[in-house]
Amino acid sequence: MNLKKKVLSVSLSSLMAISAISLVSAPVSAVGNGPGAGNGSIQTSILHTYDSMVEYLKTEDAKQEAMDLEIIGQTVKGRNIYLSKYISNPDNPTILFLTQQHGNEQLTTEGALEFIKHLGTNKTKDVLDKVNILVIPMLNADGAMGDVNFSLDHYLADGNRHLTRYNANEIDLNREHDKPISSMQIEVKALYENVFEKYNIDYMIDLHHQGSTSETEGELVSGSILYPTNSEVKPDVLERSKKLGAVVYHAIENTGWGHIGKYNGGSGQNIGRNGAAVRYDISTLLFEMRGMSDHYIESYALGQKSNGYLIKQTITTLDSTVRAIADGSIDTVDTSFWNSLPTQTNRTGEESDE
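Following the UniProt record's numbering from start to finish, the sequence shown increments by one per residue and tops out at 354.
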């Protein structure tokens with residue numbers, strides 16, 4: 001469904017949301033041994049709600065000639081799932097950015113929205129001529145809004161809005177990817193039927209959040225990355241996935257405020273980065289940002305003082321990858337860092353939660 005609008009409409013709520021995202025322009029301090037778990041209050045009020053996100057997307061759609069906004073399906077509770085797409089030439093390489101399979105992992109969505117706005121500037125015209133970009137900024141809108149069929153009373157965020165990992169049926173959407181499409185939860189089914197099956201996708205970055213106390217070499221990480229690890233992934237798909245990771249790694253590590261580790265993730269095809277790589281030969285990368293927007297475990301949630309650098313990290317990730325694909329430098333990027341990249345460990349023994 002094409003939602004192209006000819007009339008620009010900006011409400012007070014969307015202006016407030018956009019102002020909140022301007023945090024990324026603030027000075028960013030070093031991440032290693034930076035803000036501890038829970039530094040600052042755990043707030044959801046400065047994050048986009050589902051409705052303000054939709055308004056933001058429609059506003060950008062009206063402003064940007066190159067952008068199309070598509071509804072790919074609905075959530076359990078009937079919320080539309082949006083795909084922002086930039087397709088100038090179907091023969092161009094195509095990358096998908098997927099955020100919020102887990103509803104309590106929202107700072108990647110905030111970064112993705114800011115990136116969408118960035119794509120409407122003159123700075124990216126040369127990029128959009130050479131690469132197709134697909135962005136799903138909130139797959140699990142019910143979880144993001146706390147509109148679920150189970151209690152969230154034990155969650156930590158202040159205020160009356162909680163965010164949860166699960167969809168409304170209390171199902172982890174990132175454990176659905178090995179099922180027949182007809183048997184998947186409705187949100188993942190929409191992803192497969194109307195994105196994976198419809199578009200010829202070459203690359204995907206699946207953006208998540210992990211706990212706040214993961215470290216390598218004694219320093220807290222700003223995030224961790226991992227290529228597909230299922231044994232059925234083809235060697236060429238795996239190699240391109242490692243190149244995708246190399247682009248992200250070098251872009252973040254060179255900022256001076258990022259510190260990246262290797263994620264200790266599972267090999268099951270039920271996980272998104274593995275399922276898409278096996279089923280569609282998509283070269284995939286998992287990026288687990290540090291800390292979550294809400295949780296019932298204190299060491300998983302990270303206070304709002306860390307929001308700025310995590311949003312900025314997402315924008316850097318998305319921008320660096322589309323530029324590397326557009327100019328072809330991804331094909332020659334050095335992947336040898338993977339041989340020495342330390343696998344993260346957790347200071348408090350918390351479990352991995354990809």
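For glycine and all other residues, C-beta sits at the position ideal for the given N, C-alpha and C.
These figures come from a predicted structure and were not determined experimentally.
Query, Result
"Reference K242; option with closest CA among I252, T229, E253", "T229"
"At least three beta-carbon pairs within less than 8 Å, the stretch 261 to 268 to the stretch 122 to 137", "no"
"Buried or exposed (CB count within 10 angstroms, at least 16 for buried), D334", "exposed"
"Extent of the continuous beta strand (DSSP E) run through D68", "68 to 74"
"Outcome for H295 when other beta-carbon atoms lying within 10 angstroms are tallied against a minimum of 16", "buried"
"For V135, the first and last residue of its enclosing beta strand (DSSP E)", "132 to 136"
"Cross-strand partners of L98 (DSSP beta bridge)", "I136, D206"
"Start and end residues, beta strand (DSSP E) containing G261", "260 to 262"
"With 16 other Cβ atoms within 10 Å as the buried cut-off, status of D91", "exposed"
"Closest residue to G261 among L244, P235, E215 (Cα-Cα distance)", "E215"
"Nonlocal neighbours in the same chain, by C-beta distance under 6 Å from L341, ignoring five residues either side", "K262"
"Proximity of R44 and G103 at Cβ, strictly below 8 Å", "This sequence places Thr at residue 44; Arg is not what is there. Cβ distance not < 8 Å, so T44 and G103 don't count as in contact."
"Buried versus exposed, by CB contacts within 10 Å (16 or more), N160", "exposed"
"L286 versus G218, L57, Y227, residue with shortest Cα-Cα distance", "Y227"
"Three or more C-beta pairs below 8 Å linking the stretch 79 to 88 and the stretch 133 to 147", "yes"
"Range of the contiguous beta strand (DSSP E) that encloses N274", "Not the beta strand (DSSP E): N274 falls in the alpha helix (DSSP H), residues 272 to 280."
"Per-residue burial, E232 [other beta carbons within 10 Å of its own, 16 or more giving buried]", "exposed"
"G328 versus I297: straight-line alpha-carbon distance, rounded", "43 Å"
"Residue environment, D236, which counts as buried when at least 16 other CB atoms sit within 10 Å", "exposed"
"For G223, the first and last residue of its enclosing beta strand (DSSP E)", "223 to 226"
"Rounded Cβ spacing between S212 and S293 (contact assumed at less than 8 Å)", "About 11 Å separates the two Cβ atoms, so there is no contact after all."
"Enclosing alpha helix (DSSP H) for I81 [first to last residue]", "Here I81 belongs to no alpha helix (DSSP H); instead the beta strand (DSSP E) covers 80 to 86."
"Inter-stretch contact (C-beta, 8 Å, three-pair minimum) for the stretch 166 to 179 and the stretch 151 to 158", "no"
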